[in-house]
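For the sequence shown, the working numbering begins at 0 and goes up steadily by one. Every residue, glycine too, gets a C-beta built ideally from N, C-alpha and C. The model shown is predicted, which means the values in this text are computed figures rather than measured ones.
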Amino acid sequence: MRWALVRVCLAVTTMVVIAFAVPLGLVIKEMARDRAFSNAERQAAVVVPALSITTDREQLERVVASAGAGDGMAVHLPAGDGTPVLDLGRRRATTGDIEAVRRMGRASTAEVPGGSVLLQPVALSLGTVVVEVYVPESEVSNGVGTAWAVLAGVGAALVVGSVAVADRLGVRMVRPAQRLVEGAHELGEGKLGARVPEEGPTELRLAAVAFNAMADQVVHLLANERELAADLSHRLRTPLTVLRLNAASLGDTPAADQTRAAVAQLEREVDTIIRTAREAKPQTAAAGPGAGCDAAEVVRERMEFWSALAEDEGRKWRVAGAERPVRIPVARADLVAALDALLGNVFRHTPQGTAFAVDVHNGEDAVIVLVSDAGPGIPDPEAAMARGQGSGSDGSTGLGLDIVRRLAESTGGDVRVGSSVLGGAEVRIWIQLDGRRRTPAGRGHRGSVRRRRRLLTR
């Protein structure tokens, strides 16, 4: 916008300068010409009284010399007897021009080498005398070049001045807009303290006021959300305490041990939620160098946990690809939460006896975790991926797949929902190892699809 304003002012000022300077320059040239010929007419007028008194050659030569024209003046006298005219001084005009002026009886100008001549006729008793005054070209253009140079300088100064003023105005307009953009970027990056100075033109000042009000409202809403999450999580402690006491009285059976472990894990998760909400930190953060977990170990552990419930419901299950360590840049707690959400969906939304499987595919730049089942499948995968939509059944909030999606996207990966080889639903978690986002279309996308196919065919 700044340079656009400068260009507009440059174009407008240039057109205005041209519109005024060119006619003014022509007027100055014409005024210089008129001034030169006016001087010539005054010089010719000096000779006219002498011609009315005498026609003596010597006396006329003295008068011509006293006129101050030097050799630039000539007097053409008719002989009176039909012979050619007698010339006093240096003649530059042609005989035809002189005779034409004598016949017309009025002053005229003629072009001669080096300039022009003014031919002034004077009617006397002996005939018409023609006074010739030479006007050199240098006198006609005297001062024109200087005047044009002054006009060009003034025009250039006007153009430069308008550009400078437009640039300052552009800076005054653009700087608040740039600050508004920077503030929006900072707010989008999570810097909730980002604010914009309320200055500049009225429109941008109002935009800054609206932005600051919006940022304050965002901070207020986030604070309310954090407090609400903390309060709701804190309310879970009472039923958790009851569950922990009841689990303590179940004895020493394997099912009782698993129940107590589940209750303890649930208490830890609730405490984590409360601390995260109070500290205003995201639950899923990008892992730094050296951080992460062993995906194979986590898969084996969670499948061992869910295997007891699977045996009770008569479900067949299998694990593939978890024999060797598979390091991924994801926190262990986040991967546990994602797997529990997916496996919990299998038990919650498929009939008892439905088989399920978890496969881990390790590649050079990505790891794929597949959770599939032999149930009825997911009719609308896009709706299932929408946060808070759920499947519409009781106990479904739609947040499980969103947890999985945020985990995958924190590494630059994604989540896909489709049909599995078992006949039911399949959730595919693509975990990027190098943290770079893949190109969603074009050659990069086709390359990632080929790499994904190679992973799935291993």
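Requested in this report: Use the C-beta contact count for arginine 6: other C-beta atoms within 10 angstroms, 16 or more gives buried, fewer gives exposed.
Outcome: If you number the sequence shown from 1, residue 6 lands on position 7. Within 10 angstroms of the beta-carbon of arginine 6 lie fewer than 16 other beta-carbons, which makes it exposed.
Query raised in the report: Once you ignore the five residues that flank isoleucine 377 on each side, which residues in its own chain have a CB closer than 8 Å to its CB?
Result: Stepping through the sequence shown from its first residue, residue 377 is reached at position 378. Cβ neighbours of isoleucine 377 beyond the five flanking positions: Ala383, Ser390, Val416, Ala424.
Query raised in the report: In chain order, which alpha helix (DSSP H) runs of at least 4 residues are fully inside the stretch 179 to 258?
Result: Runs of the alpha helix (DSSP H) inside the stretch 179 to 258: 201 to 234, 236 to 247.
Query raised in the report: Secondary structure at alanine 20, three-state DSSP: helix, strand or coil?
Result: Counting from one through the sequence shown, the residue named residue 20 turns up at place 21. Helix at alanine 20.
Requested in this report: Report the option in Ala332, Ala319, Ala295, Ala307 whose CA atom is closest to the CA atom of valine 269.
Outcome: Counting from 1 along the sequence shown, the entry for residue 269 is found at position 270. The shortest Cα separation from valine 269 among Ala332, Ala319, Ala295, Ala307 belongs to Ala332.
Query - As assigned by DSSP and simplified to three states, the class of proline 175 - result: Mapped onto the sequence shown, residue 175 falls at position 176. Correct three-state label for proline 175: helix.
Report task. Please work out which residues of its chain come closer than 6 Å, Cβ to Cβ, to glutamate 131, disregarding the five sequence neighbours upstream and downstream, and give them in chain order. Result -> If you number the sequence shown from 1, residue 131 lands on position 132. Cβ within range, chain order: Ala73, Ala92, Val116, Leu118.
Query raised in the report: Of the residues Ala146, Trp2, Arg314, which one's Cα is nearest the Cα of leucine 25?
Result: Within the sequence shown, residue 25 is the residue found at index 26, counting from 1. Among Ala146, Trp2, Arg314, the Cα nearest to that of leucine 25 belongs to Ala146.
**Report entry** First and last residue of the uninterrupted beta strand (DSSP E) at proline 135
**Finding:** As a first step, residue 135 is located in the sequence shown; it is residue number 136 there, counting from the start. Segment 126 to 135, the beta strand (DSSP E) holding proline 135.
Query raised in the report: Which residue comes first and which comes last in the alpha helix (DSSP H) that contains valine 366?
Result: Counting from one through the sequence shown, the residue named residue 366 turns up at place 367. Per DSSP, valine 366 is not a residue of any alpha helix (DSSP H); the beta strand (DSSP E) it occupies stretches across 365 to 372.
Report task. Note down, in chain order, each residue of its chain lying with its Cβ closer than 7 Å to the Cβ of valine 16, except the 5 sequence neighbours on either side. Result -> One-based indexing of the sequence shown puts residue 16 at position 17. Closer than 7 Å at the Cβ level, and outside the excluded window around valine 16, lie Gly154, Leu157, Val158.
Requested in this report: In the DSSP assignment, find the unbroken beta strand (DSSP E) run with isoleucine 377 in it and report its ends.
Outcome: Mapped onto the sequence shown, residue 377 falls at position 378. That residue, isoleucine 377, is in no beta strand (DSSP E); it is neither H nor E in DSSP.
Query raised in the report: Which whole-angstrom value is the C-beta distance of valine 128 and leucine 50, which I expect to be below 8 Å?
Result: Taking the first residue of the sequence shown as position 1, residue 128 is located at position 129. Taking the first residue of the sequence shown as position 1, residue 50 is located at position 51. Confirmed, Cβ separation roughly 5 Å.
**Report entry** Beta carbon of valine 262 nearer than 7 Å to that of alanine 337
**Finding:** Residue numbering aside, residue 262 sits at position 263 when the sequence shown is read from its first letter. Residue numbering aside, residue 337 sits at position 338 when the sequence shown is read from its first letter. Against a cut-off of 7 Å, the Cβ pair of alanine 337 and valine 262 comes out as no contact.
Query raised in the report: Looking at the structure shown, is valine 100 part of a helix, part of a strand, or coil, going by DSSP?
Result: Here residue 100 corresponds to residue number 101 of the sequence shown, with the count starting at 1. Three-state result, valine 100: helix.
Query raised in the report: Can you pull the DSSP bridge partners for cysteine 292?
Result: As a first step, residue 292 is located in the sequence shown; it is residue number 293 there, counting from the start. The partner list for cysteine 292 (beta bridge, DSSP) reads Ile327.
Report task. Report the rounded CA-to-CA distance for aspartate 339 versus glutamate 300, giving the unit in angstroms. Result -> The residue given as residue 339 occupies position 340 in the sequence shown. The residue given as residue 300 occupies position 301 in the sequence shown. Rounded to whole angstroms, aspartate 339 to glutamate 300 spans 11 Å at the Cα level.
Query raised in the report: What three-state label does DSSP hand glutamate 425 in the structure shown?
Result: Translated into positions along the sequence shown, residue 425 becomes position 426. DSSP places glutamate 425 in strand when its eight states are reduced to three.
Query raised in the report: Just the Cα atoms here: how many angstroms apart are cysteine 292 and proline 328?
Result: Here residue 292 corresponds to residue number 293 of the sequence shown, with the count starting at 1. Here residue 328 corresponds to residue number 329 of the sequence shown, with the count starting at 1. Taking the straight line from one Cα to the other gives about 7 Å.
Query raised in the report: Is the stretch 308 to 322 touching the stretch 345 to 352, taking contact as three or more C-beta pairs under 8 Å?
Result: yes
Requested in this report: Give the DSSP bridge partners of serine 418, in chain order.
Outcome: On the sequence shown, position 419 is the one that residue 418 refers to. Looking at the DSSP assignment, serine 418 forms a beta bridge with Ala424.
Query raised in the report: Quick one: any contact between the stretch 167 to 179 and the stretch 192 to 202, if contact means 3 or more CB pairs under 8 Å?
Result: yes
**Report entry** Rounded C-alpha distance that separates alanine 122 from glutamate 40
**Finding:** Translated into the one-based positions of the sequence shown, residue 122 becomes position 123. Translated into the one-based positions of the sequence shown, residue 40 becomes position 41. When the Cα atoms are used, alanine 122 and glutamate 40 turn out to be separated by approximately 16 Å.
Requested in this report: Give the range of the beta strand (DSSP E) segment to which asparagine 361 is assigned.
Outcome: If you number the sequence shown from 1, residue 361 lands on position 362. Its beta strand (DSSP E) spans residues 355 to 361.
Query - Reduced DSSP secondary structure (H/G/I, E/B, other) of proline 120 - result: Taking the first residue of the sequence shown as position 1, residue 120 is located at position 121. Looking at proline 120 - three-state DSSP - the assignment turns out to be strand.
**Report entry** DSSP three-state assignment for glutamate 268, whether helix, strand or coil
**Finding:** As a position in the sequence shown, residue 268 is number 269, starting the count at 1. Three-state DSSP puts glutamate 268 in a helix.
Query raised in the report: Residues bridged to threonine 108 by DSSP?
Result: Working through the sequence shown from its first residue, we reach residue 108 at position 109. According to DSSP, threonine 108 bridges with Leu117.
**Report entry** Beta-carbon contacts of asparagine 344 that lie in its chain and below 7 Å, excluding the five residues immediately before and after
**Finding:** Residue numbering aside, residue 344 sits at position 345 when the sequence shown is read from its first letter. Cβ within range, chain order: Gly399.
Query - Reference proline 120, options Pro112, Glu110, Met103, closest by Cα - result: The residue you call residue 120 lines up with position 121 of the sequence shown. Measuring C-alpha to C-alpha distances from proline 120 to each of Pro112, Glu110, Met103 identifies Met103 as the nearest.
Requested in this report: Could you tell me if threonine 94 is buried or exposed, where buried requires 16 or more neighbouring beta carbons within 10 angstroms of its beta carbon?
Outcome: Residue mapping note: residue 94 aligns to position 95 of the sequence shown, counting from 1. Exposed, because fewer than 16 other Cβ atoms sit within 10 Å of the Cβ of threonine 94.
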